[in-house]
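Residue numbers (our numbering), protein chains in the order written: chain R, 1 to 535; chain G, 1001 to 1321; chain A, 2001 to 2364; chain S, 3001 to 3311. Every residue gets a Cβ at the ideal spot worked out from N, C-alpha and C, and that includes glycine. In this text the structure is predicted, and so the values were computed from the model without any measurement. All remarks here apply to the structure that follows.
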Amino acid sequence: MTDPIAPAIELKGISKAFGPVQANKDISIRVMPGTIHGIIGENGAGKSTLMSILYGFYKADAGEVWINGRKTEIPDSQAAIAAGIGMVFQHFKLVQNFTVLENVILGAEDGPMLGTSLARARGELRALAEEYELSVDPDQLIENLSVGHQQRVEILKALYRKADILILDEPTGVLTPAEADHLFRILDNLRAEGKTIVLITHKLREIMEITDTVSVMRRGEMTATVKTAETSPEQLAELMVGRKVLLRVDKVPARPGDAVLRVENLRHVDSHGVERLKGISLEVRAGEILGIAGVAGNGQSELLEVLGGYADATGTVRVNGKEIALSGPGSDGGARRACGIAHVPEDRQTEGLIMAYTAWENTVFGYHRDPRYQSGVLMNNALIREEAQDKMTRYDVRPPNPQLAARNFSGGNQQKIVLAREIERDPDILLIGQPTRGVDIGAIEFIHQEIVRLRDKGKAILLVSVELDEIFSLSDRIAVMFDGRIMGERLPDETDQTELGLLMAGVTGDPSGDPIKAVEASLEDKAAREAASHD
Amino acid sequence: MDFATLLQVLDSTVRLATPLLLACLAGLFSERSGIVDIGLEGKMLAAAFASAAIAAVTGSVWLGLLAGVVASTLMSGIHGLASITFRGNQLISGVAINFLASGLTVLIAQDWFGQGGRTPSLMGSGRFEPITLPFAQALSGVPVIGPIYAELISGHSILVYVAFLMVPLSWFVLYRTRFGLRLRAVGEAPEAVDTAGVSVVGLRYAAIVICGVLCGLAGAYLATGLQAGFVREMTAGRGYIALAALIFAKWRPWYALFACLLFGLLQAVALRFQNIDLGGITIPVQVMDALPYILTVIILAGFVGKAIPPRASGEPYQKER
Amino acid sequence: MDKMPAWADAVLVPLISILLAAILSALVILAIGESPLDALNLMVEGALMRSSGWGYTLYYTTNFIFTGLCVAVAFHAKMFNIGGEGQAMIGGLGVALVCLFIPFPHWSIALLVATAAAAVFGALWALIPAYLQAKRGSHIVITTIMFNFIAAAVLNYVLVNVLRPQGAMDPATATFPAATHLPTFQEMFATADNPLFRGSPANVTFFLAVLACVGFWYLIWRTKLGYEIRAFGHSESAAKYAGISPVRITIVAMLISGGLAGMMALNTTMGEAERLVMNATEGAGFIGIAVALMGRSHPVGIFLAALLFGFLYQGGAELALWTNIPRELITVIQALVILFTGALDNMVRMPLERIFLATRRRNG
Amino acid sequence: DPALIYDLGGKFDKSFNEAAYTGAEAYAKETGGSYRDIELQSEAQREQALRRFAEAGFNPVVSTGFSMSTPIASVAADYPDTKFVTIDGFVSPDEHPNVLSILFAEHEGSYLVGMMAAMASKTGTVGFVGGMDVPLIRKFACGYAQGALAVNPDLKVISNMTGTTPAAWNDPVKGSELAKAQIAQGADVIYAAAGGTGLGVLQTAADEDILSIGVDSNQNHLYPGKVLTSMLKRVDVAVAETMAQGADLETGVMVLGLAENGVGYALDENNEALVTPEMKAAVDDAREKIVAGEIEVHDYSSDDSCPALSF
Ligand SMILES: Nc1ncnc2c1ncn2[C@@H]1O[C@H](COP(=O)(O)OP(=O)(O)OP(=O)(O)O)[C@@H](O)[C@H]1O
Ligand SMILES: Nc1ncnc2c1ncn2[C@@H]1O[C@H](COP(=O)(O)OP(=O)(O)OP(=O)(O)O)[C@@H](O)[C@H]1O
Ligand SMILES: [Mg+2]
Ligand SMILES: [Mg+2]
């Protein structure tokens, strides 16, 4: 030990294999107290695995963990919590039908009876909320919370357990810019208090913005650790992917044609009886990308679901001038596909793919009834496999093995399979939701290029994304959704992140005072309305 | 239907509902923890046999009860081993336990008592006798309330009262204690429990043991409370009905009470009014026999919405694929 | 990228599991004072070493194939059909009605029509639970349990009051006309000097069952319906995205499931008893659950599991015939086989995987 | 050696299979002979057991239960040297000369216990609990009702069946509840013909301090002083005798009624206090008359109808 102060975290020679997959290979890393340490790497590089080992979720095959200069055994999460480690997982570990309060005390109760624990936690939560600007309604069910709020609950859980070391695994993947900014302010505060933070992310902007040091992982190995101040996004990207990456989409101005998709006064009521679309009207022309920006939960999902044919609605939708059915027979996904609508859904794992199906089976999912793929009463699997192999090679799906089940591919490669399937159909309209959520920068580059290529072929594209960067770099026009309505339309050159951010929060015109406060107020207003209409 | 008949039917309802209720609550604890249990039938049967056998041999119904609980918990242990430790298929394990109990009880009974797979009839202290609640005699003269108290509420064996007390107790444990919170959580999101530093395996085994104990009470009630001995297959499908009641009740204790009482009532009615004459046409006995099941389906389809099981139930908890 | 070779998973694991079950069974047999070796010998001798033994083994196998496939189809659509028993009972009613009331010129036509009747009756009995699940959200496990009881009541009523020949003690239909009698293995394979399958009930429906296995495989893995059923079973939300109607799949899968259960009645009712008796299904619907689960809902697995249970049934009959072992022992052996091969398989698999991984590491 | 095949209820069904077992044991004890037996587990085993025993040289092959008649009819011709016995079943003696059908006049025995029930009843209501609604059980119920109504035409006879699945024979809890329901309707004597389910009836009757009537074998000892009597069906005697006759068994059709002592009622130290001299006199008188043909007890199975009870 030459350092005057011991590292908060020191991992020595960590290795971990999942069966034949070597997820971590002899990894060593040190993080100093009171710093934010970033970890980046491609999908499947082993970032989450490494941090899960630190948190005692997985057990390492080899290696040592040192916390604050002391060798610490972490056989389970109990031990990690005792060592002052808290973790916010990539996929939240919350009980959906529990209240916030119940989730916070779970595992950290005061005694065998709940009453006292709940009362104390309620007080503590209020204090934490004030200290870190982390307000959530303690009695709300998790399933009724937005993703951003769910994340706050995860952070509160860690703070409630007095964590000094906080690990965040891709925390901003699901957040809006405002929420992400907010999160970073919280992280800043925590760092100022001397807490140590490990941040896993795919977004180089965030790394540059907030971290002190950054490590790059590739294929289970730690390839570099550098001081953030001494590096650049381009260098990091290259370290990560092993080649030069374009960080900006190259595209020529759109040459829009006739309106292919025309939506008028679209309304949708969900199964709880809440009106999620309140009269949407919009138009997408051939050869242009219409980007829909908005905070998650403002009806963008429903818009895609309705257009994709798996949620009923009222209003009129015309495709190439022909009205399509919005409920009843002829309104399902099959009918939509038949009239030229392709759809890359927001959630590839629960909608876009059958995770247990092989890649080749997934390449016809939704189009499996196409006469092309039938031979007599049977499906022409040989043809499907052959085409799948071809698509996978062209879309650079790794590994290019059609026999592998979808769940064995990394997120980015899963997304490529969905994209290959939908784009290769040569649709008139492509609906595409969150195309790069949780996808590494190498894959993002590729996906963006494909979307633009399709546009340039004269197709109409409706893009929904919570990533304002993505919206800006892809869209030819931008519409902002809030609370089931279109708040306004802007051209990307004539607006900026701030204006869109306010529109996304339902704030029109110039806000007097703190914009963030105005956003919060507006969002809480909406949540209250929705909660009320639940009963 | 006059008042006396009503009371008799309700009295019968209580008796018929009790084993269902105990088994249903047993299943509730198990499934709330994420372990699907279609082996309730087998556990009850094992308990019925063990309690009757030990009560017959020792002459003490309490020792019998204990044996029943132990036997049922052992069966639970097998289920736990298969579905928790070895992450096996919970349905198969349940099916196997039903077969195992069905065969073993008779095999052991025959080997032990040589009475054709039955236990000897229980006498005196080998059985749970009905308990007369205080003032039952004195109050029985009071109109309406008196008979209700004296005939319907009083005069059941202790296990009936235990069963009914189990409902608020289960509710309390589930919703008001630390253990209950964790138990419900582990059935919904075991990874949340795990990352909160609580042992998923430990919680699930605890649930399995509670399930075993409650099934043990159910079986013991059949053999030593309602009956005076064990007869092969004497559970007669009650474990499956309890399972149905559990789904009906949407995995909640108070609803479980109502579901089991409803099943009990339907059966009691079907037994009491087997030969109804409708203007010269006698309704076939088969119709009355099937009536509880038909009504269940109708009620289910008509009034009970979708039953959503605990999210993690049936799936073994596995961190590494 | 698997932890161990497919052949080990498919062959080694079940074999070791069965071995464990056999060892435990042997201990139970010892405990009741009989010789496990003699017992095993009797079972193998009686079930596998004589053609008539095979005739019985395959007869039971036929039943279990149908009920196993019945449960498996529903499993693929993520439904748990406990109602095979009731569907088979009602399927039997269909068989009985056509056999009794349609004058058939030849057994082959009778078989065709009876197959259709069995499938339709069984499917219809599954239709109501399916509809209620699809449209009303009523849990299929409850409704199918209830429908088993209702089917028993229906059958009881019909056999006692409607189809029973006057004065007969047996709650059963009259014997079917000779033209509906299905050729047994004995009639098909026995020759004058080689009396194969003598007296055993295996009959052409066995081939129907094998055909059903093949058809099942094609249906599930080669048709778009099967593609949709499996997709729906894996993820309802994804199915909706793909334009697959949950209502349609639920109902169609249950109709197929019920139809397969109904077809089991061909074997027992038309093939063996040649009349409909009250107890024709004898729990085969429940064995079907174990068979489907052990067979991992794959026709080859189901065939093998059904064969195993057929062997246990026939071997058990031999035990019952020639020893004083109570018949409940067979139930215990079945339980152990189900437990070890179906539920405790990981107990065997986990150490095996470790061995294979270790050897692979050493070699790689 | 003789062989014995029990019906699906199993050797120990507290009913006729168990009686057959008792008979076989009695045969073994008395003659020092041995026999082989099998408890059927499935329908298909019926023929299998018959054939295997016949092939192995067992003679006679005795079977219980009406369901065995059809299988016997189909195998008997293949083994002309083997004698088959079907108890409760009927196989045409003209077509199959090597089969002995033993039938019991359960309606006659039930008639007698029905009379006793009517005489012992103070409430004017008696009950009947059957296992499953099958013709044989209706035959019991019908005889019982006739006997009871013969004593008191104003008597009310409540008849219930337990269920429609095989569990109906093994559900003492349901038997108890049925008994309680009948008691609530005024019944103070209940006749149970329901195998293991009947045990529940007998026990509840004892607990509730009313009288019950056992069936098939003498069940008086189960609850001494609480079981009025038992309707005896001497399957044990029939089995012991046919086994004793061995290969020389005389075939044909044998109907064992009151005259042959094939059925009757049980009187022993457990119930002597319950059976009054008048009761005994009346019942014995009726027995004579039935034997003499002066009283005609209608047999339900002869025409599927019952003058005294509707099903
Ligand atoms: N529980 C598990 N069981 C088996 N294999 C796993 C498991 N978790 C991860 N893996 C595998 O280990 C490797 C590393 O995965 P990990 O989740 O750590 O990657 P990551 O860097 O976090 O990727 P991403 O950026 O997509 O989140 C991958 O190949 C993955 O498939
Ligand atoms: N009625 C409601 N009240 C409060 N929160 C709700 C309600 N309905 C949905 N939410 C929450 O809003 C969040 C997002 O909802 P939804 O998926 O409908 O929106 P979205 O704009 O498509 O966002 P995403 O991109 O996350 O899919 C979810 O976390 C959900 O739990
Ligand atoms: Mg990750
Ligand atoms: Mg969404």
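Within its chain, find whatever has a CB closer than 6 angstroms to the CB of residue i; leave out the 5 residues flanking it on each side and keep chain order.
i         : result
Gly148/R  : Leu175, Glu179
Leu1291/G : Ala1270
Met3243/S : Pro3002, Tyr3027
Any beta-carbon of chain S closer than 8 angstroms to the one on residue i?
i         : result
Thr1085/G : no
Thr1132/G : no
Gln2087/A : no
What do you reckon, is the C-beta of residue i under 7 angstroms from a heavy atom of ligand 1?
i         : result
Gln300/R  : no
Thr49/R   : yes
Gly321/R  : no
Ser410/R  : yes
Asp496/R  : no
Glu1320/G : yes
Gln90/R   : yes
Phe18/R   : yes
Gly44/R   : yes
Gly41/R   : yes
Kindly indicate if chain G contains any beta-carbon less than 8 angstroms away from that of residue i.
i         : result
Met2001/A : Residue confidence is low: Met2001/A scores 45 on pLDDT, short of 50, so the model does not pin down where it sits. Its coordinate-derived value is still stated next. Not closer than 8 angstroms to any Cβ of chain G, the Cβ of Met2001/A fails to qualify, so no.
Asn24/R   : no
Gly2342/A : yes
Lys93/R   : yes
Val3173/S : yes
For chain A, is any of its Cβ atoms less than 8 angstroms away from the one on residue i?
i         : result
Glu3047/S : yes
Ala3238/S : no
Thr350/R  : yes
Ile3210/S : no
Measuring only between beta-carbons, confirm whether residue i sits less than 8 angstroms from chain R.
i         : result
Tyr2059/A : no
Leu1278/G : no
Leu1246/G : no
Arg1032/G : no
Glu1233/G : no
By the 10 Å Cβ neighbour count, where 16 or more other Cβ atoms means buried, how is residue i classified, buried or exposed?
i         : result
Phe1003/G : exposed
Asn2324/A : exposed
Gly2271/A : buried
Trp2054/A : buried
Leu2182/A : buried
Thr2057/A : buried
Determine, using beta-carbon pairs with one atom in the stretch 3121-3130 of chain S and one in the stretch 3090-3108 of chain S, whether at least three such pairs fall under 8 angstroms.
No, because fewer than three Cβ pairs between the stretch 3121-3130 of chain S and the stretch 3090-3108 of chain S fall closer than 8 angstroms, the two stretches do not touch.
Are the stretch 2226-2246 of chain A and the stretch 362-379 of chain R touching, with three or more C-beta to C-beta distances below 8 angstroms?
Enough Cβ pairs lie closer than 8 angstroms, so yes.
Are three or more beta carbon pairs between the stretch 1016-1033 of chain G and the stretch 1220-1232 of chain G nearer than 8 angstroms?
Inter-segment contact for the stretch 1016-1033 of chain G and the stretch 1220-1232 of chain G is present: three or more beta-carbon pairs are separated by less than 8 angstroms.
Decide if the stretch 206-226 of chain R is in contact with the stretch 407-420 of chain R; the criterion is three or more beta carbon pairs, one per stretch, under 8 angstroms apart.
Not touching, per the Cβ criterion.
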